[in-house]
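Reading through the C-alpha cells given below for one structure.
In UniProt numbering, the protein residues as written are 1 to 867.
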C-alpha cells in the first residue's frame, strides 16, 4: 500500500470520486489490517520529505484511531491500543514525539493532538511516565521556540481531553503547572510561546485545583496572568483576560484579595482598550463574575439553611464595582460593527450581554445610571448619531430582567413612545434593536404596557414586519411574546387583548412566510403565526381555520415540489425541509387549538397527507409524529382508531430503528396515544412493548432513548390501568436495574444522563402505582424496591431540589400509603428519611403551592400508616 499516495488523494485530489475511493481504502485498512495501518501512518508522519498536508493527515488519522467523541467507541479504541504489542506502541509514540519537534507548525500541531490522544490512554494507567518530564524539559527558556510551543500545545491538549478527577493525571499537576508557568512568565521572549502557554493554562485550571488551593502557588499564578494582561502583544492581553475569566468561574471563592489588589483596575482598563478582542475578553471577565454570583444566589435560595460552606459565600464583586464598571459598559455599547448586517461578535454585543447580567445581579442599582444614559443618547442626531441611539435602546432593553417590575413599569410607560418612534429610524441597526427591545418588554414586563399603548406597540410591530428581514424577525419574536404573555388563557375566553389586531397582523405574517428565509425571517413568521394560533380566543377561530387551511395547501405544494426535485440535489432540499417543518409546526398548533373540530373529513385528509409524507421524507419524520399526536389528542381515541391499521406499522418501524433521532419522538408518541386511546391501545401493546424493551436492553442505543422509554411505560400504565399487568414484572425489573445506575465518569453529560434516568424511573413508578391502584396485591412485591429508590432520591441533593421530582416523590409516598390502608408498611413509613424528606419538600422556600400540597397530603397518609 502506497500510504503517501492514498493520503494525498484522500486530502487533495480534486476528483470527489478519487477522494472517496482513497478514504474507503484508509477505512478498510483500519478495519482489516489495524497494526499495519498504524505502522504505515507512523511512517508517513515521520517522513520529512512528504508534503505537509499528508503528514498532518497521517497524524490526525492515527489520533482518530485512538479517540472518539462517542464514549463507547472511545472505550473500544483504547482497549484496542492497550492490546497492541509494546514495541508497536513504542514506535508510534517515538514517531509522534519526533514529529512534535518539527519546525513545520502544522505538522507539530497534528502531532500534539496525537500525543494528547496517546496520553489520554496511557497516563491514567501510569504508563509513559517520561512524557510529562519531557514536556517540562522542553519548555525551558533556552529551548528553540518551535519546541517550546509544541510542548505547551501538547500539554494544553492533554489537559483539555483528560479526566481532571483521575488521580494518575492529577498526580502530574505539579509538572504541568511548572511547564506552563515557565511559558507564561514575562521573561519569556517569544510572544507565540506565551500565548500558547496561556491557552494551556486555561485548559489546565481544573487539574491544578490542589495547587490553586495553596496560597503561595495561587499568588504566583495570579501574578503571571495579571502581568500578561499588560503585555505589549494584544493577543496575549486578550488571552490573559480570558484566563482570568476562567479562573473566576472555577475559583471565585479565592478571588476577594486579587479583586481588591489588582483585578478591578486591570479589567476596567482592559475594557477601555482600543483592541476589540482585548476589550471583549475584559468584558467577559465581568460577565463571568455576574454569572458566578447569580449561581450562588440561586443555590442559596434552593438549599436555604443548608447553603453553607465557602462555595455559598458571595462577595458581591459586581455590586462593589458597579460605579466603575457600569459607565464603561455603557460607553462600550457605542462600539458597534460598522456594517449593520455584520453579525460577528462585537464589543457592543459583549457589553450588552454583560449589562444584562449586571441588571440580574444588582437589580435596581443599575436603573438610574442607565436611564441617564438613555435620556442623553436616544435623540442624538448627526452622521454617527445612530450609534448613540442604538446604544440607548440596547441599554434600556438590557436592564429589563432583574430590577423590580413595579420600578420598571412607570419607566417603560415613559420610555415607550420615544422607543416606538425609532422603528422608522434611518439606521437599520437602530430599528433592529428597537424591535428586539419591544420583544424584551413583551417577554419580561408586559404588565407595563397599558391598553392605551398596546395599539401603538402593534402599529410599530406591523411597520417592522414590513421592513428589513432582521427587523421583521425581531418583530415576529415580539408578537410571540405578546401572545404568550397577554393571552395565556385566551383559548377558554371569547376574546383577548390581541383579538382586535388579528385582522391586520395575520395577513402580513402570511405574506412574510411566503418569502425567502433571509436571516430566518420566514421561520420566525411561522413561529409567530403558531403563537397567534395557540393563544387565540374564540372570536379568532375563523382566522385560525384560514391559517390552517392555507398551511395545509402550502405543505402539499412543498411536499410535491420536494418529491419532484432531483434526488441528487440533497443540499438544495434542505431549505424545503425547513419549510415543511415550519408548516407542520403551524398545522400542529392549529390542530391542538381546534380540538374536536378537526374530527371527520379534516382529520382524514390530514392523516392521509401525514402518512404519505412519512413514506417519502425521513427528514421531517419527527415533526410528522408530533402532528399525528396532535390529531390523536384532538379527535379522541374512538375516532383515531380508524387510522391505526395504517399508522401502526409505520410507528412500529420507527420504534425498531433506535439509531434514528425520530425513535425518541416515536416513543413519546406511544405515550401520547396511550392518553388518547386508553384501553383501545391494549391490542397494539404486544407489538410495541417487546420493541421498547429490546431498545432498553440494547447497549448501542442513544442515551436519551432510555429515559424516554421508562417514562413511556409509566404513561401506558396510567392510561390502561389493570391491563398493564402482563408487563408489570418485566417493567419493574427494568426500573430496579435502571434505578441503580451509577455515574461512570465525572462529566456533566453523564451526570445529567444518570439524573434523567432516575427521574424517568420515578415517572414510571408513579404511573404504575397510579394505574394499578385498584390492585394493591400486584404492587405489594415491589414496594420495598420502590422505597429504596425513593430513599436514594431523597438523599440525592440535585434530585430532591428539583421541584417536579420532589412533587412526584412525595406524591408516590402518599399513593403507596393510600393503597395499603391496613398499615402493611408502617415500619417503612417510620423511617426518619421519610419524615425529613416530606418536611423539606413542604417547607421549601422555592417550591410552589401544588408541591407543598402534595407534601401535606403525603404527611397525612404517613400519619395514618404509623398511628
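Cβ coordinates follow ideal geometry from the N, Cα and C atoms, glycine included.
Quick one: what's got a C-beta closer than 6 Å to residue i's C-beta in the same chain, skipping five residues either side?
i, result
"residue 158", "116 and 119"
"residue 477", "439"
"residue 315", "256"
"residue 579", "558"
"residue 768", "717"
"residue 623", "581 and 584"
The alpha helix (DSSP H) with residue i in it runs from where to where?
i, result
"residue 468", "Segment: none, residue 468 is in no alpha helix (DSSP H) and carries neither H nor E."
"residue 76", "71-82"
"residue 917", "Past the edges of the chain, shown from 1 to 867, lies residue 917, and the structure says nothing about it."
"residue 611", "601-616"
"residue 514", "Premise fails: residue 514 is in no alpha helix (DSSP H) and is neither H nor E."
"residue 251", "234-251"
"residue 303", "276-303"
"residue 393", "385-398"
"residue 674", "662-677"
"residue 265", "264-271"
"residue 814", "803-819"
"residue 690", "682-697"
"residue 427", "First-last for residue 427: undefined, no H or E at that position."
"residue 322", "317-332"
"residue 255", "Residue 255 -> no alpha helix (DSSP H), and no H or E assigned at all."
Look at the alpha carbon of residue i and the alpha carbon of residue j, and state the distance between them as a whole number of angstroms.
i, j, result
"residue 18", "residue 97", "32 Å"
"residue 362", "residue 646", "59 Å"
"residue 172", "residue 245", "24 Å"
"residue 776", "residue 717", "14 Å"
"residue 814", "residue 710", "22 Å"
"residue 20", "residue 484", "50 Å"
"residue 550", "residue 466", "21 Å"
"residue 873", "residue 218", "The requested residue 873 is not part of the displayed model; the chain covers only 1 to 867."
"residue 608", "residue 513", "25 Å"
"residue 859", "residue 804", "18 Å"
"residue 452", "residue 497", "11 Å"
"residue 300", "residue 537", "41 Å"
"residue 722", "residue 728", "10 Å"
"residue 322", "residue 199", "29 Å"
"residue 44", "residue 193", "27 Å"
"residue 162", "residue 63", "14 Å"
"residue 692", "residue 67", "31 Å"
Near residue i, what residues of its chain come up, given a Cβ to Cβ distance below 7 Å and the 5 sequence neighbours on each side ignored?
i, result
"residue 456", "420"
"residue 829", "817, 862, 865 and 866"
"residue 568", "Bear in mind that a pLDDT of 45 at residue 568, under 50, signals an unreliable position, so the number given afterwards is only what the model happens to contain. Closer than 7 Å at Cβ, skipping near neighbours: no residue."
"residue 132", "172, 175 and 176"
"residue 202", "242, 243 and 246"
"residue 868", "One cannot answer for residue 868 here, as it falls past the ends of the chain, which runs 1 to 867."
Could you check if residue i belongs to the surroundings of the ligand GDP, using beta carbon to heavy atom distance under 7 Å?
i, result
"residue 89", "This structure lacks the ligand GDP, and indeed carries no ligand of any kind."
With a threshold of 8 Å on Cβ separation, who are the neighbours of residue i within its own chain once the five nearest residues in sequence on each side are excluded?
i, result
"residue 863", "none"
"residue 518", "469"
"residue 302", "801 and 846"
"residue 290", "318, 354, 357, 358, 360 and 361"
"residue 238", "275, 277, 278, 280 and 281"
"residue 187", "141"
"residue 35", "84, 85 and 88"
Can you tell which of the options has the C-alpha that lies nearest to the C-alpha of residue i?
i, options, result
"residue 634", "322, 600 and 650", "600"
"residue 509", "461, 493 and 496", "461"
"residue 180", "141, 213 and 161", "141"
"residue 441", "430, 397, 402 and 285", "397"
"residue 492", "284, 264, 593 and 345", "593"
"residue 110", "55, 329 and 610", "55"
"residue 807", "239, 773, 759 and 388", "759"
"residue 795", "827, 773, 778 and 838", "838"
"residue 615", "650, 740 and 638", "650"
"residue 422", "435, 543, 798 and 411", "435"
"residue 840", "793, 824, 820 and 288", "793"
"residue 155", "100, 345, 185 and 395", "100"
"residue 8", "33, 696, 381 and 61", "61"
If you measure from the beta carbon of residue i to each beta carbon in chain D, is any gap under 8 Å?
i, result
"residue 699", "The structure shown contains no chain D; it holds only a single protein chain."
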